[in-house]
Each structure stands twice: as C-alpha cells, then as structure tokens.
Amino acid sequence: MSDLTRLTAADLASKLASGEVSSVEATNAHLARIREVDGDVGAFLHVSDGAVAAAEAIDRRRAAGEDLSELAGVPLAVKDVLVTTDMPSTAGSKILEGYMSPYDATVVAKSRAAGLVPLGKTNMDEFAMGSSTEHSAYGPTRNPWDLDRIPGGSGGGSAAAVAAFEAPLALGSDTGGSIRQPAHVTGTVGVKPTYGGVSRYGSIALASSLDQVGPVTRTVLDAGLLHDVIGGHDPHDATSLDTPWPSFAAAAREGATGEVLKGLKVGLVRELTGFSTAVDASFRAAVAKLEAAGAEVVEVSAPHFEYATAAYYLILPAEASSNLAKFDSVRFGMRADVAGTVEDVMSATRGAGFGPEVKRRIILGTYALSAGYYDAYYGSAQKVRTLIQQDFAGMFADVDVIATPAAPTTAFKLGEKLDDPLAMYANDLATIPANLAGVPGISVPSGLSADDGLPIGIQFLAPAYEDARLYRVSAALEAMLVDEWGGPLLDRAPALNGGSR
Numbered sequence: 008m009s010d011l012t013r014l015t016a017a018d019l020a021s022k023l024a025s026g027e028v029s030s031v032e033a034t035n036a037h038l039a040r041i042r043e044v045d046g047d048v049g050a051f052l053h054v055s056d057g058a059v060a061a062a063e064a065i066d067r068r069r070a071a072g073e074d075l076s077e078l079a080g081v082p083l084a085v086k087d088v089l090v091t092t093d094m095p096s097t098a099g100s101k102i103l104e105g106y107m108s109p110y111d112a113t114v115v116a117k118s119r120a121a122g123l124v125p126l127g128k129t130n131m132d133e134f135a136m137g138s139s140t141e142h143s144a145y146g147p148t149r150n151p152w153d154l155d156r157i158p159g160g161s162g163g164g165s166a167a168a169v170a171a172f173e174a175p176l177a178l179g180s181d182t183g184g185s186i187r188q189p190a191h192v193t194g195t196v197g198v199k200p201t202y203g204g205v206s207r208y209g210s211i212a213l214a215s216s217l218d219q220v221g222p223v224t225r226t227v228l229d230a231g232l233l234h235d236v237i238g239g240h241d242p243h244d245a246t247s248l249d250t251p252w253p254s255f256a257a258a259a260r261e262g263a264t265g266e267v268l269k270g271l272k273v274g275l276v277r278e279l280t281g282f283s284t285a286v287d288a289s290f291r292a293a294v295a296k297l298e299a300a301g302a303e304v305v306e307v308s309a310p311h312f313e314y315a316t317a318a319y320y321l322i323l324p325a326e327a328s329s330n331l332a333k334f335d336s337v338r339f340g341m342r343a344d345v346a347g348t349v350e351d352v353m354s355a356t357r358g359a360g361f362g363p364e365v366k367r368r369i370i371l372g373t374y375a376l377s378a379g380y381y382d383a384y385y386g387s388a389q390k391v392r393t394l395i396q397q398d399f400a401g402m403f404a405d406v407d408v409i410a411t412p413a414a415p416t417t418a419f420k421l422g423e424k425l426d427d428p429l430a431m432y433a434n435d436l437a438t439i440p441a442n443l444a445g446v447p448g449i450s451v452p453s454g455l456s457a458d459d460g461l462p463i464g465i466q467f468l469a470p471a472y473e474d475a476r477l478y479r480v481s482a483a484l485e486a487m488l489v490d491e492w493g494g495p496l497l498d499r500a501p502a503l504n505g506g507s508r
C-alpha cells in the first residue's frame, strides 16, 4: 500500500500545497489501492475515468500560482445517492441502472469547485433503505475490519472506502443514521449536519424531511475541512438555511487542544438503552475521559425517545412512497419490455426495478397515507416527532451536548439480519432521534470491542446550528484517545489495511 493512501486528508493537503506531492500522484495511489482491494471490499459501484485528468488540472492551476482551497487536489469518494454528470447515478437500484444525470448535486459541484478529485461512486442500500449495504441491487459491501461483516448502511460503501484507505474523504447521506452508523462499525468519523446546513439538491430523495448530506472521514479535522466545502446556503434547495456558518475545521483545531472540555456539560439520556455490553463499556470509558478532562456529566431525560424508531418507520416510508412515485417507467429510469397499458408497464417496471426492502417500505408508506389511516398512523407519528423535538429542547436547556453510543452492537455478520427487518431497523435506535429533530450529530471512534476486536463509536448531539460545538468536543476526545492508542484506530485494523489487531 502506498504511504500516500494512509495520510489523512489534512496531511495530504499540506503535502500538496507544499509541492511535495502532486494531485496526480495522490490520485493514482488511491486508484491503485481501489484496484488492489475493492474486489474484496466492494465499496465502489463506479470508478471515474476522469479522475486523473481532474488531478492534472489542479496540478496545472497550482503550478500557475492560483489561490486554491485547502483541499484542492485531494481525492474524494461520492455516495451513489448524489447525482453526477460524468458517472452513473443509480442510488443502488436496478431501476436507475446506467442513469446519467444532466447536472451535479450541489455538494458535488462545490467539491469540484474546491478542487477535490472525485474517484467514483460508492455502494449503498437501494435508495438508502437499510443499515447494512446488503440491500444494494449490485451486491453487498464488506467491512474492511472483517470481510464477513457488514460495513453499516445505507452508506456502507463510503465508510468502507475510507476505512480501507481507498479514499481519504467521502460524501454520504444520513436519513436515520446512514452516515453515523457505518462510521461506528468501520472506525471512521461520520457527521450528520444540522438539517438544512448542507444542500440536498441533487441527492436522490428518500425522505425529504429527514435526509441530510454530510462528510465521512478518518479524523474529525478532515470532516470539518470537507464540511466547510459542502456547507452553506443553496438557492436550489428550498430547505437550505440562509445563515452564516463558522469554519468547522477551525472548530476541530480548537477542540484538539482539549481546553473546550473544561466546564462542558454532557448529557446521558436515561431512556436510551439496548446496547451490547461491549458497546456500553466503550461508551462509559469514553465518557469517563471527558469527565477526567473537566466535563460535567449529568443524566437527562427524553421520555419520548422510546417511540422514535416507530415514528420514524412511519414517516420515512410515507415520504419514500411519495418520492419514489416518480420512477414510473415514463419519465426516466428503466422500462420493462412488456405489452399493455401504461399501468401495466409501470407495474412491471416497478416490480422488476425495485428490490424487496424498497417495495416493503413503499407499501407501508402508501398504507400509512391512505384515507382512513392517515391520522392514525402518519399524523400520530408526526405528533411524536414534535414531542421528540421538545425532548431535545428540554435537554439542551440543561447541557451543552448529548453523548450516546452510536449503535447498539459492533458490525454483525453478512446475512445475519437480512431476513429480519425489525432487527435491522433496531440498529438506528440511537441515531434516529437527531433526524426527527433536525439536530446535528457526529460519530467518532471510541475503541475496540473486547468481545470481537471490532470498532465502536461514540455519538455526540448538539442543538441545531451548533455543529461547530460537535467538532470541538469530538476533536478533544479524539486527541485524547489517539494519544492513548499511540495512533489512529484504523492503524489497528486487520491485514487488509496493513495493520493487525
């Protein structure tokens, strides 16, 4: 493995800026890494034919003395839910196989403008429906820590690409934990920004009131650097917040000093239970480090969190049922070669193009929205959502951040929960509340399980608009843990990543 692929994005950016390394060299090193390991990992659905040319253009601009962004020339992986003009955009579904978008998603356009080099599109659960990346129409992605285990979902491809050193940075989307849960099981960093803080324009919609695009990286600083690039107001997105944002990279750098923890109030949610012994032990140990560094840890109450998963799995299918109605065999996407009426062709196309999990949620959502059931199901779920938002408001009146485990268990084995939807849905119990409330969340590695040696993450949540607070707190904890470990957690990954447990 090239040493270039093991560099953090910040360190690689520094070498690019100094001229020690060219973007072409960095890009070729990552493309070689993809060729070397992705046959086993399956992180990428498509590798860009234009990556080297994009890198050459950045090198020419740098040689000409142009003032470039900090991340100019750094390679980037893109979740396949984000549309691109130069690569297919399928959202992991057969119904969009080979689809070429006429425009780039805003976050992709901003990344290109900042000089990042898109390497390719990463695998995902079909239309972002899943927690294991086993629901992709193009086959599963595997966890680089153990190829027999899942990398999380729906954005397992982005997390696996970063964990396997195939890309230093990746873009993901988070509807109920699809950035943070994969980060938890792969030993990476995943951020769900405040709802509206990053544009969703060009992100193939699952549930419009829940979806949020965010960074997937190996360090908190790298996440802040990428967040600075993709964040901000977008007039193309009606839900985009027109508000000034601080530099999240600066917040991460400030947090790494550790001073931000003194006097910080950290809340532990009394009602949030159901975590494995290993996950709970890692979480408690991380919280103890925060307390030792000067943070005040207090118990807080969120009495309606126990209803969050149930409410989510009514709101999400209802919105998905509406959003996926556009895949009708008429406007775009695949069309079944059958005779008959438009309704016949539509039925055959959707039957062949959608996978079982997508069909399950469309049926559930259509039922929840139907006459006679709307108020009982969808309407009631939205009332619970309001109560959860009130829970957050009450907790944040007393604490600065909330800390929770990021997911109930370490990575489970491929196939273990594939035929048990309720068991699969339970993986999101800690991450769903943030999406229902629109508040920001981050998952950072907290250690390895004593049971199976697999990574575990801790999640921090902050009030809406306070994403910078998350970067400061998580960077402070990261600095303490990395110092204790003697290096990044990913350095202790198995042979695929050049390390050993």
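All residue numbers for the sequence shown refer to my numbering, where the first residue is 8 and numbers rise by one. For glycine and all other residues, C-beta sits at the position ideal for the given N, C-alpha and C. Treat the numbers as computed from the prediction; the structure is a model and nothing was measured.
Check                                                                                                                                                                                              : Outcome
So, using beta-carbon positions, are residue 290 and residue 415 closer together than 7 Å?                                                                                                         : no
Are three or more beta carbon pairs between the segment 443-462 and the segment 425-433 nearer than 8 Å?                                                                                           : no
Under the three-state reduction of DSSP, which class applies to residue 506: helix, strand or coil?                                                                                                : In this prediction, residue 506 has a pLDDT of 49, which is less than 50 and means its spatial position is unreliable; what the coordinates show is noted afterwards. Reduced to three states, the DSSP call for residue 506 is coil.
According to the Cβ coordinates, are residue 398 and residue 183 closer than 7 Å?                                                                                                                  : no
Using only alpha-carbon positions, find the residue among 83, 9, 72 and 430 that is nearest to residue 221.                                                                                        : 83
Does DSSP put residue 473 in a helix, a strand or coil?                                                                                                                                            : coil
Would you report the Cα separation of residue 35 and residue 42, rounded to the nearest angstrom?                                                                                                  : 10 Å
List the DSSP bridge partners of residue 53.                                                                                                                                                       : 128
Short of 7 Å in beta carbon distance, which residues of its chain neighbour residue 486, apart from the five on each side in sequence? Order them along the chain.                                 : 263 and 265
When you compare only the Cα positions, how much space is there between residue 461 and residue 412?                                                                                               : 14 Å
For the alpha helix (DSSP H) that residue 114 lies in, which residues bound it at each end?                                                                                                        : 113-120
Please go through the same chain and pick out, in chain order, the residues whose beta-carbon is closer than 6 Å to the beta-carbon of residue 139, but skip the five residues on each side of it. : 157 and 160
Buried or exposed: residue 350, going by 16 or more other Cβ atoms within 10 Å of its Cβ?                                                                                                          : exposed
Name the residue from 205, 90 and 503 whose alpha carbon lies nearest to the alpha carbon of residue 247.                                                                                          : 205
Per DSSP, what are the beta-bridge partners of residue 156 in this structure?                                                                                                                      : 420
Put residue 11 into one of helix, strand or coil per three-state DSSP.                                                                                                                             : helix
What first and last residue would you give for the beta strand (DSSP E) that runs through residue 532?                                                                                             : The structure shown does not extend to residue 532, since the chain is modelled only from 8 to 508, so the question has no answer here.
What's the gap between the Cα of residue 243 and the Cα of residue 109?                                                                                                                            : 15 Å
Quick check on DSSP: helix, strand or coil for residue 389?                                                                                                                                        : helix
Could you give the DSSP three-state label for residue 339: helix, strand or coil?                                                                                                                  : coil
Can you name, in chain order, every residue of its own chain whose Cβ lies under 7 Å from the Cβ of residue 68, other than the five neighbours on each side?                                       : 75
Quick check on the burial criterion: 16 or more other C-beta atoms within 10 angstroms. Buried or exposed for residue 165?                                                                         : buried
Report the CB separation of residue 143 from residue 99 in whole angstroms; it is logged as a contact under 8 Å.                                                                                   : 4 Å
If you count every other CB in all the chains shown that lies within 10 Å of the CB of residue 130, and 16 or more means buried, which is it?                                                      : buried
Cutting at 6 Å between CB atoms, please list the residues of its own chain near residue 418, excluding the five before and the five after it.                                                      : 150, 156, 157, 192 and 461
Evaluate residue 179 with the Cβ neighbour count: other Cβ atoms within 10 Å of its Cβ, from every protein chain shown; 16 or more gives buried, anything less gives exposed.                      : buried
If you follow the beta strand (DSSP E) that residue 304 is part of, which residue opens it and which one closes it?                                                                                : 303-307
Using C-beta distances below 6 Å, list every residue in its chain close to residue 25, excluding the 5 sequence neighbours before and after it, in chain order.                                    : none
Counting along the chain, where does the beta strand (DSSP E) carrying residue 221 start and finish?                                                                                               : 220-224
How big is the Cα-Cα spacing for residue 440 and residue 344?                                                                                                                                      : 43 Å
As a quick exercise: from 364, 367 and 447, pick the residue whose alpha carbon is nearest that of residue 403.                                                                                    : 447
How is residue 31 classed by DSSP in three states: helix, strand or coil?                                                                                                                          : helix
Can you say whether residue 380 is buried or exposed, counting buried as having 16 or more other CB atoms within 10 angstroms of its CB?                                                           : exposed
Label residue 370 either buried or exposed according to how many other C-beta atoms from any shown protein chain fall within 10 Å of its C-beta, with 16 as the threshold for buried.              : exposed
Tell me whether the beta-carbon of residue 173 lies closer than 7 Å to the beta-carbon of residue 40.                                                                                              : yes
Go through its chain and collect everything with a Cβ distance to residue 93's Cβ below 6 Å, but skip five positions before and after it.                                                          : 57
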